[in-house]
Amino acid sequence: QRLRTRKAESPSRLAAVVPDDRIVPPGPLPQLYVYDHCPFCVRARIIFGLKKIKHELIWLANDEVDIPTRLVGKKMVPILVWTDPQDPQKITAMPESMDIVRRVDGDAKMGAGGPVLKETGASEEFISAMNEVTAASRRLTRPRFAGSALLPEFSFDAARRTYTERHPLDAPSSYDENFKRSSEYIPQLEKALQKLDPLLHSEEEAVEGGPSYTDVDLFPRLRGCTIVKGVKWPQRVRAYVDKWSEKTDIPLYDRIAF
């Protein structure tokens, strides 16, 4: 049998590319190797979004070992691969989320001006409340991350099994059992979010003084919680999550929440 082929669409029938106001850095685009669910990867994505720097996202399967090992010596993400525009032979592969954030924010060679993040620290009360949200969310988010058919890092069974084995939960340890008990855990998460709500400086920033490294830490934690359907969010925290999703161009999980 012969395969039928179609003529290529004429340019006039193709959808136009939408305007893009991101800054194109000199040289090859920076490459960021990530998992979608990973809060450390979201940290690295934040600074590219805030500074509107065009870059390439490369999604790795959760069980991928060879690629990160070749780049930085072991299985880990995020990894930034960047070619120095002034020396094309100088290619840097950098791990560690906050190191990536500082490099991108402070390096004028990226073409996006000076640093935008402040070093403003959070109070012990704020840090404690932030950690409580993370602790309360684990039994809800981990079964959903591993069970989602839409996250690229979990496209394969081996990748899903790798995640569950590397991210064990205390008894009850079964991801399925924890998912079934969501109605028990959601109120605990809501309580933690309520505790955080009055501590937020505003819908725009976690602490006073402008965008800071506290925001880089907080937003990824809260974004992960949006994969949990049925959570009642306090007003300020919800507005903060929506605002940071918009300003960093990092989508939330609300439309695929379950």
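For what it's worth, full-length UniProt numbering labels the leading residue of the sequence shown as 1, then goes sequentially. Backbone N, C-alpha and C define an ideal beta-carbon position, used for all residues, glycine too.
Sub-8 Å separation of residue i and residue j beta-carbons
i: E56; j: L80; result: no
i: E49; j: D249; result: In the sequence under discussion, the amino acid at residue 49 is Gly, which differs from the Glu named in the question. Yes, the Cβ-Cβ distance between G49 and D249 is below 8 Å.
i: N62; j: F154; result: yes
i: Y213; j: E132; result: no
i: M130; j: L196; result: yes
i: P220; j: V34; result: no
i: V228; j: L193; result: no
i: R45; j: L60; result: no
i: V116; j: P211; result: yes
Pairwise C-alpha distance: residue j and residue i
i: D66; j: K75; result: 8 Å
i: R2; j: H37; result: A caution first: R2 carries a pLDDT of 39, below 50, which makes its placement in the model unreliable, though a value can still be read off. Whole-angstrom Cα-Cα distance: 43 Å.
i: A239; j: S123; result: 21 Å
i: R255; j: Q89; result: 43 Å
i: G114; j: K243; result: 22 Å
i: P223; j: P143; result: The sequence given here has Arg at residue 223, not Pro. Between R223 and P143, the C-alpha separation is close to 16 Å.
i: W233; j: V24; result: 37 Å
i: E177; j: T141; result: 13 Å
i: E127; j: A158; result: Per the sequence shown, residue 127 should be read as Ile rather than Glu. Distance between the alpha carbons of I127 and A158 is about 35 Å.
i: I47; j: T83; result: 18 Å
i: R6; j: S173; result: Annotation note: pLDDT 45 at R6 (below 50); position unreliable, coordinate value reported separately. R6 and S173: Cα-Cα distance of roughly 52 Å.
i: A251; j: G27; result: The amino acid at residue 251 is misidentified as Ala; the sequence shows Pro. Roughly 27 Å separates the two Cα atoms.
i: A93; j: P78; result: 10 Å
i: R70; j: E64; result: 11 Å
Residue(s) in a DSSP beta bridge with residue i
i: Y33; result: I58 and I79
i: I53; result: I23
i: I91; result: T83
i: S212; result: K118
Anticipated Cβ contact below 8 Å, residue i with residue j, distance rounded
i: D104; j: I53; result: One detail in the question is off: residue 104 reads as Val in this sequence, not Asp. About 7 Å separates the two Cβ atoms, so the contact holds.
i: V72; j: P95; result: 5 Å
i: K51; j: A112; result: 4 Å
i: V207; j: T226; result: Actually they are not in contact, since the Cβ atoms of V207 and T226 sit about 22 Å apart, beyond 8 Å.
Check: residue i C-beta below 7 Å from any heavy atom of the ligand FMN
i: G114; result: Questions concerning the ligand FMN fall outside what the structure shown contains, since it holds no ligand whatsoever.
Test: residue i CB closer than 8 Å to a CB of chain B
i: V104; result: Protein chain content of the structure displayed is limited to a single chain, and chain B is not contained in it.
- Query: Counting Cβ pairs, one atom from each stretch, are 3 or more of them under 8 Å apart for the stretch 187 to 199 and the stretch 125 to 140?
  - Reply: yes
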